[in-house]
Amino acid sequence: MKEFHLHLVSDATGETINSVARACVIQFDDVRPIEHFWNLVRTDRQLDLVLEGIRDNHGLVMFTLVDETLRRRLQDFCREMQVPCIPVLDPLINALAAFLGVESQRQPGRQHVLDAEYFSRIDAVDFALSHDDGQSNWDLHEADVVLIGVSRSSKTPTCIYLANRGIKAANIPLVPGSPLPAELDLLTRPLIVGLTKDPDRLVQIRRNRLKLLNQGEGSSYADPEVVRSEVQEARRLFSRRGWPVIDVTRRSIEETAAEIMMLLARRQSAKFSPEGKKT
Numbered sequence: 001m002k003e004f005h006l007h008l009v010s011d012a013t014g015e016t017i018n019s020v021a022r023a024c025v026i027q028f029d030d031v032r033p034i035e036h037f038w039n040l041v042r043t044d045r046q047l048d049l050v051l052e053g054i055r056d057n058h059g060l061v062m063f064t065l066v067d068e069t070l071r072r073r074l075q076d077f078c079r080e081m082q083v084p085c086i087p088v089l090d091p092l093i094n095a096l097a098a099f100l101g102v103e104s105q106r107q108p109g110r111q112h113v114l115d116a117e118y119f120s121r122i123d124a125v126d127f128a129l130s131h132d133d134g135q136s137n138w139d140l141h142e143a144d145v146v147l148i149g150v151s152r153s154s155k156t157p158t159c160i161y162l163a164n165r166g167i168k169a170a171n172i173p174l175v176p177g178s179p180l181p182a183e184l185d186l187l188t189r190p191l192i193v194g195l196t197k198d199p200d201r202l203v204q205i206r207r208n209r210l211k212l213l214n215q216g217e218g219s220s221y222a223d224p225e226v227v228r229s230e231v232q233e234a235r236r237l238f239s240r241r242g243w244p245v246i247d248v249t250r251r252s253i254e255e256t257a258a259e260i261m262m263l264l265a266r267r268q269s270a271k272f273s274p275e276g277k278k279t
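One point on numbering: in UniProt numbering, the residue at position 8 of the sequence shown is 8, and numbering is uninterrupted.
#1: Residues bridged to Gly62 by DSSP?
#2: Does DSSP put Asn18 in a helix, a strand or coil?
#3: Are the beta-carbon atoms belonging to Gly59 and Trp38 less than 9 Å from one another?
#4: Whole angstroms are fine: how far does the CA of Asp132 sit from the CA of Asp90?
#5: Would residue 280 and Leu74 be called neighbours here (beta carbons separated by less than 9 Å)?
#6: Using 9 Å as the threshold, is the C-beta distance between Pro33 and Phe63 below it?
#7: Opposite Leu210 in the DSSP bridges: which residues?
#8: Could you pull the start and end residues of the alpha helix (DSSP H) that Ile54 belongs to?
#9: Using 8 Å for Cβ pairs, my map puts Leu8 next to Ala21. What's the rounded Cβ distance?
#10: Using the rule of at least 16 other Cβ atoms within 10 Å of the residue's Cβ for burial, across every protein chain shown, is Asn208 buried or exposed?
#11: Nearest-angstrom Cα distance between Val150 and Pro181?
#12: May I ask you to list the residues that DSSP assigns as paired with Glu3?
#13: What residues are listed by DSSP as bridge partners for Ile160?
#14: Could you say which of Gln268, Arg55 and Leu184 lies nearest to Pro84 if we only look at CA atoms?
#15: Residues in its own chain within less than 8 Å of Ile86 by CB, not counting five upstream and five downstream?
#16: Report the rounded CA-to-CA distance for Pro176 versus Glu233, giving the unit in angstroms.
#17: Out of Ala265, Leu263, Leu213 and Ser153, state which residue places its alpha-carbon closest to the alpha-carbon of Arg235.
#18: Give me, in chain order, the residues of the same chain whose beta-carbon lies closer than 8 Å to that of Arg79; leave out the 5 immediate sequence neighbours on both sides.
#19: Is the Cβ-Cβ distance between Pro190 and Val125 less than 9 Å?
#20: CB Gly216 to CB Pro173, shorter than 9 Å?
#21: When you compare the CB positions of Arg251 and Ile192, do they come within less than 9 Å of one another, or not?
#22: May I ask you to report which of helix, strand or coil DSSP gives Thr69?
#23: Taking only heavy atoms of the ligand GDP into account, decide whether any of them is closer than 8 Å to the Cβ of Arg72.
#24: Going by DSSP, name the residue or residues bridged to Asn137.
#25: Rounded to a whole number of angstroms, what is the C-alpha to C-alpha distance between Ala143 and Lys168?
#26: Looking only at C-alpha atoms, which of Met81, Leu140, Pro199 and Leu213 sits nearest to Leu184?
#27: With Pro173 as the anchor, note down where its beta strand (DSSP E) starts and where it stops.
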C-alpha cells in the first residue's frame, strides 16, 4: 500500500474538493492518501497555517481558492517547495467564462448562499423524513418520487440522497399481508418507482439486521424462501402497476438516485412537445 500526503485547500466547506479528490484517488489500486483538510481558508493567517502544513508534510496540493492573492501565495509556495499544486475548478470556470462571455464573480462559498434552491433542499429533506417508511400518506401527492420496495431495499437512504438534490421523495414498504395505502391509486403527479434486490443478498442483510437488534434468526423476516417469495411478489406487483423497476443489488445509493433522476428527467421531457408546449 503506497501512502502519500494530500492537501485539500478550500475557501468554503470543502465538500467539492473532497468529492473530486476521492473520485480521482479511487481509480488507483493500492494507494492510501493521508488527507490534510483545510477549509474556510479566506485570510492570510489561515493560509499561513496551510503553508506550514505543506512544509511539514510534502505532498500533492489540490485547491479551490477564488481570492487571487491567496491563490498566488499558495501556488508560489508550492513551486518553491517543488510540490504539485492543482486548481481543481479553474478549467471548468474558464471554459464557462469563455462560452458565456462573462467573468466569474470569484466569491468564496457562493454555492452555499441561502437562496430559494437552498431552502428547497431543506424542505425536501424534511419531506423525506416525515414520509419515511409509509408515514404521512395523506399528502403523498406533493411528492416528486415515491419509492416502493420490500424491507432493506435501500428506500430510506435513497430518499435522503434525492432530498439533498431538492427532490421530494417518499417511500412505502411492501409488507407481506398488508395492503398498499389507498392514496397510491389516486396519485398522478409523483413518479412511482419499484426497488428490488437479489433475494440471497437480501437474506444476508436482514440476518445482519436481526443480529444488531439482538433477535434470533428464527424469524421469517430472514427466511430464504419467504424472502424469495416477497421479492417475486414485489416484481409481479410492479409489473401489474406498470411502475419502472430498479434492481439495487449492485448499485450504490448514488447510482440508484442517478437512475431515478434520469427517469424524472425523461418523464418531464415527455410532457412537452418540440415547440416547448405541454402535450
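Note that the Cβ used here is the ideal one computed from N, Cα and C, for glycine as well.
Predicted, not measured: the structure shown is a model, and the values here were computed from it.
Working from what's here:
#1: For the purposes of this step, residue 62 is taken as residue 62 along the sequence shown, with counting starting at 1. Note that residue 62 is Met in the sequence shown, not Gly. Answer is Leu8 and Ile86.
#2: Working through the sequence shown from its first residue, we reach residue 18 at position 18. The answer is helix: DSSP assigns Asn18 an H, G or I state.
#3: For this step, residue 59 is matched to residue 59 along the sequence shown. For this step, residue 38 is matched to residue 38 along the sequence shown. Against a cut-off of 9 Å, the Cβ pair of Trp38 and Gly59 comes out as no contact.
#4: Translated into the one-based positions of the sequence shown, residue 90 becomes position 90. Translated into the one-based positions of the sequence shown, residue 132 becomes position 132. The alpha-carbon atoms of Asp90 and Asp132 are separated by roughly 40 Å.
#5: Limits of the chain in this structure are 1 at one end and 279 at the other, which puts residue 280 out of reach.
#6: Position 33 of the sequence shown holds residue 33. Position 63 of the sequence shown holds residue 63. No; because the gap between Cβ atoms is not below 9 Å, this pair is not in contact.
#7: One-based indexing of the sequence shown puts residue 210 at position 210. According to DSSP, which records beta bridges pairwise, Leu210 is partnered with nothing at all.
#8: In the sequence shown, counting from the first residue as 1, residue 54 sits at position 54. Note, Ile54: alpha helix (DSSP H), Asp44 to Asp56.
#9: By one-based count along the sequence shown, residue 8 stands at place 8. By one-based count along the sequence shown, residue 21 stands at place 21. Between Ala21 and Leu8 the Cβ distance is about 6 Å, and since that is below 8 Å, they are a contact.
#10: Here the question's residue 208 lines up with position 208 in the sequence shown. Per the 10 Å Cβ criterion, exposed.
#11: Indexing the sequence shown from 1 puts residue 150 at position 150. Indexing the sequence shown from 1 puts residue 181 at position 181. Between Val150 and Pro181, the C-alpha separation is close to 15 Å.
#12: Counting from one through the sequence shown, the residue named residue 3 turns up at place 3. Looking at the DSSP assignment, Glu3 forms a beta bridge with Arg32.
#13: One-based indexing of the sequence shown puts residue 160 at position 160. Its beta-bridge partners do not exist; DSSP assigns none.
#14: On the sequence shown, position 84 is the one that residue 84 refers to. Selected option, being the one with the closest Cα: Arg55.
#15: Along the sequence shown, read from residue 1 onward, the residue named residue 86 stands at position 86. Same-chain partners within the cutoff: Leu60, Val61, Met62 and Phe63.
#16: For the purposes of this step, residue 176 is taken as residue 176 along the sequence shown, with counting starting at 1. For the purposes of this step, residue 233 is taken as residue 233 along the sequence shown, with counting starting at 1. C-alpha separation (whole angstroms): 9 Å.
#17: In the sequence shown, counting from the first residue as 1, residue 235 sits at position 235. Closest by alpha carbon: Ser153.
#18: Start at 1 with the first residue of the sequence shown, and residue 79 comes out as number 79. Same-chain partners within the cutoff: Cys85.
#19: Stepping through the sequence shown from its first residue, residue 190 is reached at position 190. Stepping through the sequence shown from its first residue, residue 125 is reached at position 125. It is not a contact, given that the beta carbons lie outside the stated cut-off.
#20: Stepping through the sequence shown from its first residue, residue 216 is reached at position 216. Stepping through the sequence shown from its first residue, residue 173 is reached at position 173. No, the Cβ-Cβ distance between Gly216 and Pro173 is not below 9 Å.
#21: Here residue 251 refers to the residue found at position 251 of the sequence shown. Here residue 192 refers to the residue found at position 192 of the sequence shown. Cβ atoms of Arg251 and Ile192: not closer than 9 Å.
#22: Sequence index remark: in the sequence shown, residue 69 carries index 69 (1-based). It is helical.
#23: With respect to small molecules bound, the structure shown includes none, and the ligand GDP cannot be examined in it.
#24: In the sequence shown, the residue the question calls residue 137 occupies position 137. Answer is none; Asn137 lacks a bridge partner.
#25: In the sequence shown, the residue the question calls residue 143 occupies position 143. In the sequence shown, the residue the question calls residue 168 occupies position 168. So the alpha carbons of these two residues sit roughly 5 Å apart.
#26: Working through the sequence shown from its first residue, we reach residue 184 at position 184. Looking at the Cα atoms, Leu140 is the closest of the given residues.
#27: The residue given as residue 173 occupies position 173 in the sequence shown. Start and end: Ala169 to Leu174.
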